[in-house]
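Report on the structure given below.
There are 2 protein chains.
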Amino acid sequence: MTAPEQIQLENIADSDYEIFALLKQRYSPRIFKDRKVTEQHLHQLFEAVRWAPSSNNLQPWRFLYAEKGSEAYEKIVDNLTESNKTWAKNAPLLMLTAFHKKTDQGKENFHALHDLGLGLGGMTVQAQYMGIAMHHMAGLDHKKAQQVFNIPEEFHIVSAVAIGYYGGELDDLPQKLQKKEIRERRRMPQNEFAFKNRWGTD
Amino acid sequence: MTAPEQIQLENIADSDYEIFALLKQRYSPRIFKDRKVTEQHLHQLFEAVRWAPSSNNLQPWRFLYAEKGSEAYEKIVDNLTESNKTWAKNAPLLMLTAFHKKTDQGKENFHALHDLGLGLGGMTVQAQYMGIAMHHMAGLDHKKAQQVFNIPEEFHIVSAVAIGYYGGELDDLPQKLQKKEIRERRRMPQNEFAFKNRWGTD
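Sequence order for the protein chains is A and B.
Heads up, the first sequence is in our numbering, so the first residue is 3 and it goes up one at a time.
Heads up, the second sequence is in our numbering, so the first residue is 3 and it goes up one at a time.
Listed below in structure tokens is the structure:
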């Protein structure tokens, strides 16, 4: 089964209200097409982040990416949790995400982590538009990665992201993950997180 | 001058690489059309967040919104900084954003703030698709807001967002903000935040 079929059959969001197609079709695969992400597409991905909003326009997002086959790629893999390692190496590109901790006045920028997420939200949509999937991973040893890549202390590593064109085969995964790959996707209903006028559900 | 003209003349992102139209046209206005956000559109906005990815699918995002004219709306305004107050009341809808601090195991969820941003990134694109603008504000008294709305301690308020259909008139703003509204938008170049194989610029 190829990824487009999966989108059609299993992975497309079973949304309660209609949402924009690129958001509805997005998911976080563990398989990818065996194809290098082009340099042009990479630039377009980062350009999408670039024009995201951020607190005081500080643009605290930072990224370190590496292509499959490079030494840097293996170094990123080394920092992933064991369970992420089993599938993330299917991706032609791996990326570390980080944020700059301080404002221009040297104060702590509380919103930097939020703004990194906001930027990645835009990147994810740009990716989807180009047929590229992004699978965010919280499971990594961020302290070790910081050390291995000599990342200055004023930055904080947040996640690793597996990036590649939608595609690949379910057989690229161990049996256990094949089931996970096509299982139903679940979300809490809106009334549990969006409140009108006062906090909490009625 | 109306907002579509502004987009065409001034506010559209002067991007170095082509990006998806909804990302390119997005900006953070201080003026809005004098029109209520429909309930259907509100549901679609929250649905876009709902299907965003989050660490361990914890969906830590929470929102409290209020319509212009309501008591809750005025309570949100009261918590904004003076400079945000001057324009935010142009918006037909104001929203507080927050995240759930803990995992299901009661541990601190470091990624919650990032995931709130990621969800809002999707919401922003859904909004843009429907002609709705979102202006994120870091400038608010989050402790006071937490108290005024009786928000439990396990949640952390992050930002306020002004939401409404693109439109309105520049004259809706004080002179000083009119200039700000149409000034050139600037961003750092890609090579200052996206690094290949190793950290930092060459």
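We put the beta carbon where it would ideally sit given N, CA and C, even for glycine.
Coarse secondary structure for residue i, derived from DSSP in three states
i      : result
A:K198 : strand
B:V160 : strand
B:L120 : helix
B:I9   : The predicted model places B:I9 with a pLDDT of 48, which falls under 50 and marks its position as unreliable, so this point remains unresolved.
B:E69  : strand
A:W63  : strand
B:K87  : helix
A:I134 : strand
B:M190 : coil
A:T126 : helix
A:Y167 : strand
B:E110 : strand
B:F22  : coil
B:L95  : strand
A:L82  : strand
B:K104 : strand
B:I14  : coil
A:L142 : strand
B:Q42  : helix
B:I184 : helix
B:S56  : coil
B:D174 : helix
B:F48  : helix
B:E29  : The amino acid occupying residue 29 of chain B in the given sequence is Tyr; Glu does not appear at that position. Three-state result, B:Y29: coil.
A:K35  : coil
B:E155 : coil
Between the CA atoms of residue j and residue i - distance to the nearest angstrom
i      : j      : result
A:F197 : B:R64  : 8 Å
B:L98  : A:W201 : 10 Å
A:H116 : B:H113 : 9 Å
B:H144 : B:A93  : 20 Å
B:F195 : A:L118 : 11 Å
B:Q107 : B:N58  : 12 Å
B:V39  : B:I33  : 14 Å
A:M3   : B:L66  : The predicted model places A:M3 with a pLDDT of 41, which falls under 50 and marks its position as unreliable; any figure quoted below should be read in that light. One C-alpha to the other measures close to 42 Å.
A:E41  : A:Y167 : 13 Å
B:R28  : B:Y131 : 10 Å
B:I153 : A:E76  : 44 Å
A:L175 : B:A129 : 36 Å
A:A164 : B:A164 : 33 Å
B:G71  : A:K35  : 52 Å
A:N199 : B:V79  : 13 Å
A:V160 : A:G121 : 13 Å
A:L96  : A:F151 : 14 Å
B:E156 : B:L172 : 40 Å
B:L60  : B:K146 : 26 Å
A:Q177 : A:N13  : 18 Å
B:K109 : A:H158 : 20 Å
Cutoff 7 Å; reference residue i; Cβ partners in own chain excluding five residues on either side
i      : result
A:L82  : A90, M139, G141, L142, A162
A:P62  : S56, F101, H102, N111, A114, D117, L118
B:L179 : R32, T88, W89
Exposed unless 16 or more other CB atoms sit within 10 angstroms - verdict on residue i
i      : result
B:N193 : exposed
B:P191 : exposed
B:Q148 : buried
A:T203 : exposed
B:R52  : buried
A:Q10  : Confidence in A:Q10 is poor, its pLDDT being 47 and thus under 50, which makes the residue's placement too unreliable to answer from.
A:R188 : exposed
Same chain, Cβ closer than 8 Å to residue i, neighbours up to 5 away in sequence not counted
i      : result
B:G123 : A54
A:S85  : G141
A:R37  : P94, G166, Y167, G169
6 Å CB neighbourhood of residue i in its chain, flanking five on each side removed
i      : result
B:A74  : A68
B:L25  : none
A:T105 : N111
B:V127 : L24
B:M125 : L47, A50, V51
A:A15  : K26
A:S30  : H137
Heavy atom of the ligand GTP within 8 Å of residue i beta-carbon
i     : result
B:I33 : As for the ligand GTP, it is missing from this structure, which has no ligand bound.
Notebook entry, point to check: Counting pairs of beta carbons, one from the stretch 116 to 136 of chain B and one from the stretch 173 to 186 of chain A, are three or more of them closer than 8 Å?
Noted result: No: the two stretches stay apart, fewer than three of their Cβ pairs being nearer than 8 Å.
Notebook entry, point to check: Quick one: any contact between the stretch 19 to 37 of chain B and the stretch 35 to 54 of chain A, if contact means 3 or more CB pairs under 8 Å?
Noted result: Verdict: yes, contact present.
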